Amino acid sequence: MTTVKSIYCFLTKTFQAHKVQNPQQSSLQILEKVLDKSLTISKDGPSEYVSKHHFKKILNFANRRKMHEPLQYILGDVEFRGMNLQVLRPVPRPDNEANELVELAL
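Here is the structure:
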């Protein structure tokens, strides 16, 4: 079995090697989504083990992310103006520019 901390380090290094934007954030968000909980990764603290089922799902998400697929499509949702929206292809995903446009319109 593998720990959350070791998977986080592996994902971050993989994303950095593939020049993925925000590799640490991508790693953390994938882990939080698959494990369905908020995480804090520390260098010194203990780290829990990840089941084989979760590990396979994490690797699937990681492979998609290292190919530069937007994280919102991989995770299936995005927070936008305090709402959690489901995101599916080919629907455009809300981003910072959309948020700015809404601010201007209001």
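Quick note on the numbering used here: the sequence shown kicks off at 60 and runs consecutively.
Ideal Cβ positions, reconstructed from N, Cα and C, are used throughout, including at glycine.
Because the structure is a prediction, the values reported are computed rather than measured.
Open item on the list: Can you tell me where the beta strand (DSSP E) holding L144 begins and where it ends?
Closed with: M142 to Q145
- [ ] Within the stretch 68-128, note down every full alpha helix (DSSP H) run reaching 4 residues or more, in order along the chain.
- [x] 82-94 and 111-125
TODO: Take every Cβ of the stretch 142-149, pair it with every Cβ of the stretch 91-111, and state whether three or more of those distances are shorter than 8 Å.
DONE: no
Task: V137 - partner residues in DSSP beta bridges - done: L144
Task: Same chain only: Cβ atoms within 7 Å of L130, ignoring 5 sequence neighbours per side - done: S85, Q88 and R124
- [ ] Determine, using beta carbons only, whether V93 and F69 come nearer to each other than 8 Å.
- [x] no
- [ ] Output the distance between the C-alpha atoms of V168 and L90, rounded to the nearest integer angstrom.
- [x] Summary: the structure shown does not reach residue 168, with the chain confined to residues 60 through 165, and so no result is reported for it.
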